[in-house]
Amino acid sequence: MTFINYASREINCKIVYYGPGLCGKTTNIQWIYEQANPEKRGKLVSLATETDRTLFFDFLPLDMGTIKGFKVRFHLYTVPGQVFYDASRKLILRGCDGIIFVADSQRARMEANIESIANLATNLRENGFDIRTIPYVLQFNKRDMPSAASLPDLERLLRFRNEPMVEAVANQGVGVIDTLKAAARQILMELQRA
Amino acid sequence: MSKLDLMLFEEEYKLLQEIIGRLSKDASAKVVFLVDKNGQQIAAAGDVKSIDATSLASLTAGNVAATDGLAKLIGEKEFSLLFHEGEKDNLHISIVGKRGILVVIFDQNSSLALVRLRVKKASRELQEIFDQVELRAQKELDPGSRFESPFSEITDEDIDRLFGD
Numbered sequence: 001m002t003f004i005n006y007a008s009r010e011i012n013c014k015i016v017y018y019g020p021g022l023c024g025k026t027t028n029i030q031w032i033y034e035q036a037n038p039e040k041r042g043k044l045v046s047l048a049t050e051t052d053r054t055l056f057f058d059f060l061p062l063d064m065g066t067i068k069g070f071k072v073r074f075h076l077y078t079v080p081g082q083v084f085y086d087a088s089r090k091l092i093l094r095g096c097d098g099i100i101f102v103a104d105s106q107r108a109r110m111e112a113n114i115e116s117i118a119n120l121a122t123n124l125r126e127n128g129f130d131i132r133t134i135p136y137v138l139q140f141n142k143r144d145m146p147s148a149a150s151l152p153d154l155e156r157l158l159r160f161r162n163e164p165m166v167e168a169v170a171n172q173g174v175g176v177i178d179t180l181k182a183a184a185r186q187i188l189m190e191l192q193r194a
Numbered sequence: 001m002s003k004l005d006l007m008l009f010e011e012e013y014k015l016l017q018e019i020i021g022r023l024s025k026d027a028s029a030k031v032v033f034l035v036d037k038n039g040q041q042i043a044a045a046g047d048v049k050s051i052d053a054t055s056l057a058s059l060t061a062g063n064v065a066a067t068d069g070l071a072k073l074i075g076e077k078e079f080s081l082l083f084h085e086g087e088k089d090n091l092h093i094s095i096v097g098k099r100g101i102l103v104v105i106f107d108q109n110s111s112l113a114l115v116r117l118r119v120k121k122a123s124r125e126l127q128e129i130f131d132q133v134e135l136r137a138q139k140e141l142d143p144g145s146r147f148e149s150p151f152s153e154i155t156d157e158d159i160d161r162l163f164g165d
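Going down the list, the protein sequences come from chains A and B. Using the numbering used here, the first residue of the first sequence is number 1, and each one after it goes up by one. Using the numbering used here, the first residue of the second sequence is number 1, and each one after it goes up by one.
If you want it as structure tokens, here you go:
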């Protein structure tokens, strides 16, 4: 749900990074945090376990600049990827404007990717959204891993709606901004279709 | 635009701001925030600069969402009030209608009883404004509406510029 404040001339959009455990959701937003101009970024809030696994969510507010005289602010969230945190994942999708699905390119994680997309579809539906129509980007992360599956294989297994695909190595920043940009484009174009 | 989008215009914003400004004074609070259930800050009053408002809004919404989940687990509709007591400062969180959360931060200059009393009154007033916002939003969805979104002409270049390209 985009929040448009005509009084302060601000648009706030909520983007959620989704995907299986250890696929690199937190790494994506950590990289954005480290690269962003300190004046443009807010505090990175991480609700994590002692072993640095996401417990509830990570949150990063980003000021993007202006569009049509309105300040655009993105609120980036990650969900906890581990299977048993499903109740928390569902809550974080509440009121989201767009989804970035971070897939783990490693062959051994393909089943986890597929399960996570199915889980996303269910949780979106329970929040009143449709995975086939909500702004959605598919990121293939960990492209540098020796056991990474080929791009055609990944596409065949994980792509389902002609969504933009981005290859990434999130811990080196490769593809991170392109992914965010692809999501931003869809979300802002959605405003245009009003 | 999805029918769930929250659009706030100048006059509504002013009214909301007025109500929470008054609440902040009447309840002798340090700060009062009005945030949306999705974690976006709507308005604030009091010593706002002392707190990272964006993180507060997001964490409050997370907290309320988690508590909502707990309520449903035990068969309750919602817990409409959360209270956190600290050594110096206390946090009073309450739900306003379907989409608002009112956060009051107060210290020994106030009391839970006073805050509760004032929050109750302010919540009713805020609820009325939210109802108006909703009513107007529904009217604008009407195909005959004359409301024109300023975003009807966003271009690819606009978006590229946001990313500094």
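Where a beta carbon is used, it is the ideal one built from N, C-alpha and C, also for glycine.
{"Item": "According to DSSP, what are the bridge partners of A:ARG73?", "Value": "A:ASN12, A:ASP63"}
{"Item": "Beta carbons nearer than 7 Å to chain A: which residues of the segment 130-143 of chain B have them?", "Value": "none"}
{"Item": "Do A:ALA170 and A:LEU157 have their C-beta atoms within less than 9 Å of each other?", "Value": "no"}
{"Item": "Mapping the DSSP letters down to three states, classify A:MET145 as helix, strand or coil.", "Value": "coil"}
{"Item": "So with CB distances below 8 Å, who are the chain A contacts of B:LEU6?", "Value": "MET1, THR2, PHE3, ILE4"}
{"Item": "Give me the residue from A:GLU34, A:SER116, A:ILE11, A:VAL45 with the minimum Cα distance to A:THR66.", "Value": "A:ILE11"}
{"Item": "Tell me which residues share the same chain as A:ALA7 and place their Cβ nearer than 6 Å to its Cβ, disregarding the 5 neighbours each side in the sequence.", "Value": "none"}
{"Item": "So is A:ALA184 in contact with chain D if we call contact Cβ pairs under 9 Å?", "Value": "Within the model displayed, chain D is absent; protein chains A and B are what it includes."}
{"Item": "Mapping DSSP to helix, strand and coil, what is B:GLY69?", "Value": "helix"}
{"Item": "In terms of alpha-carbon separation, which member of B:ASP68, B:VAL48, B:ASP52 lies closest to B:LYS37?", "Value": "B:ASP68"}
{"Item": "With 16 other CB atoms within 10 Å as the buried threshold, where does B:ILE74 fall?", "Value": "exposed"}
{"Item": "Mind checking the segment 87-107 of chain A against chain B and listing, in chain order, the residues whose C-beta falls within less than 9 Å of any C-beta there?", "Value": "ALA87, SER88, LYS90, LEU91, ILE92, ARG94, GLY95, CYS96, ASP97"}
{"Item": "Would you give the residue range spanned by the beta strand (DSSP E) that B:SER94 belongs to?", "Value": "90-96"}
{"Item": "A:ILE117 to B:LEU8, Cα distance in whole Å?", "Value": "34 Å"}
{"Item": "Can you tell which of A:PRO135, A:PRO61, A:THR122, A:ASP178 has the C-alpha that lies nearest to the C-alpha of A:CYS96?", "Value": "A:PRO135"}
{"Item": "Please name the residue in A:ILE131, A:THR179, A:LEU22, A:TYR77 whose C-alpha comes closest to that of B:GLY62.", "Value": "A:TYR77"}
{"Item": "Within this structure, are the beta carbons of B:LEU114 and B:ILE95 separated by less than 9 Å?", "Value": "no"}
{"Item": "Tell me which residue opens and which closes the beta strand (DSSP E) that A:GLY98 is part of.", "Value": "98-104"}
{"Item": "With H, G and I counted as helix, E and B as strand and the rest as coil, what does DSSP make of A:ILE117?", "Value": "helix"}
{"Item": "Name, going along the chain, the residues of the segment 37-62 of chain A whose beta-carbon falls closer than 7 Å to a beta-carbon of chain B.", "Value": "GLY42, LYS43, VAL45, PHE56, PHE57, PHE59, PRO61"}
{"Item": "How would you list, in chain order, the residues of chain A whose beta-carbon sits under 8 Å from the beta-carbon of B:ILE20?", "Value": "Those do not exist, as B:ILE20 stays about 14 Å from chain A at its closest Cβ, beyond 8 Å."}
{"Item": "So, helix, strand or coil for B:SER2, using DSSP?", "Value": "In this prediction, B:SER2 has a pLDDT of 46, which is less than 50 and means its spatial position is unreliable; what the coordinates show is noted afterwards. Residue state, collapsed to three classes: coil."}
{"Item": "Is there at least one Cβ from chain A nearer than 9 Å to B:GLU10's Cβ?", "Value": "yes"}
{"Item": "In chain order, what residues of the same chain have a beta carbon less than 6 Å from the beta carbon of A:ALA112, not counting five sequence neighbours either side?", "Value": "PRO20"}
{"Item": "In chain B, what lies closer than 7 Å to A:GLY65 by C-beta?", "Value": "ARG161, LEU162"}
{"Item": "Mind checking A:THR49: buried by the 16 CB within 10 Å criterion, or exposed?", "Value": "exposed"}
{"Item": "Could you give the distance in angstroms between the alpha-carbon of B:ARG166 and the alpha-carbon of A:PHE70?", "Value": "The structure shown does not extend to residue 166 of chain B, since chain B spans only 1 to 165, so no value can be given for it."}
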